[in-house]
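Q: Numbering (this note's numbering), first residue to last: 23 to 139. Where is the CB? At the ideal position from N, CA and C, for every residue including glycine. Keep in mind it's a predicted model, so treat the numbers as computed, not measured.
In structure tokens, the structure reads:
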């Protein structure tokens with residue numbers, strides 16, 4: 023994937039990390055984010071599937087901060103929407119937003135891997 027297809031907020035976030043700790047820090051952060059997020063998304067989806075609104079809110083909240091830190095604004099916004107829907111007890115919206123979190127994560131992981139290849 024060409025770098026020009028990666029959104030500017032993502033590139034800016036990675037450049038900021040690079041300025042702090044070089045390429046090694048960026049690669050480490052991306053690896054941790056991709057691995058950590060995959061597990062949290064499984065937890066989010068599992069909670070959504072079983073109607074565990076507290077579990078949804080917790081998983082979405084955790085993902086929201088880490089994705090925002092990496093400039094993954096669409097993912098962070100989907101996490102916020104899932105978290106808010108869970109807090110309002112709207113299971114249908116939770117399921118919709120959980121699917122959006124998964125979809126945006128898939129794209130985000132591709133961007134991050136391409137940016138650090």
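So, are the CB atoms of residue 123 and residue 85 less than 8 Å apart?
A: Here the question's residue 123 lines up with position 101 in the chain shown. Here the question's residue 85 lines up with position 63 in the chain shown. Going by C-beta atoms, residue 123 is nearer than 8 Å to residue 85.
Q: State the Cα-Cα distance for the pair residue 81 and residue 69, rounded to the nearest angstrom.
A: Counting from 1 along the chain shown, the entry for residue 81 is found at position 59. Counting from 1 along the chain shown, the entry for residue 69 is found at position 47. One C-alpha to the other measures close to 9 Å.
Q: Quick check: the Cα distance between residue 71 and residue 49, rounded to an integer number of angstroms?
A: Counting from one through the chain shown, the residue named residue 71 turns up at place 49. Counting from one through the chain shown, the residue named residue 49 turns up at place 27. Spanning the two alpha carbons is a distance of roughly 33 Å.
Q: Would you grab the beta carbon distance between residue 138 and residue 54 for me? Rounded to a whole angstrom, and I think it's under 8 Å.
A: Reading the chain shown from its first residue, position 116 is the one you call residue 138. Reading the chain shown from its first residue, position 32 is the one you call residue 54. That belief does not hold up - the Cβ atoms of residue 138 and residue 54 are roughly 12 Å apart, past 8 Å.
Q: The alpha helix (DSSP H) with residue 119 in it runs from where to where?
A: Locating residue 119 in the chain shown gives position 97, where the first residue counts as 1. Segment 113-137, the alpha helix (DSSP H) holding residue 119.
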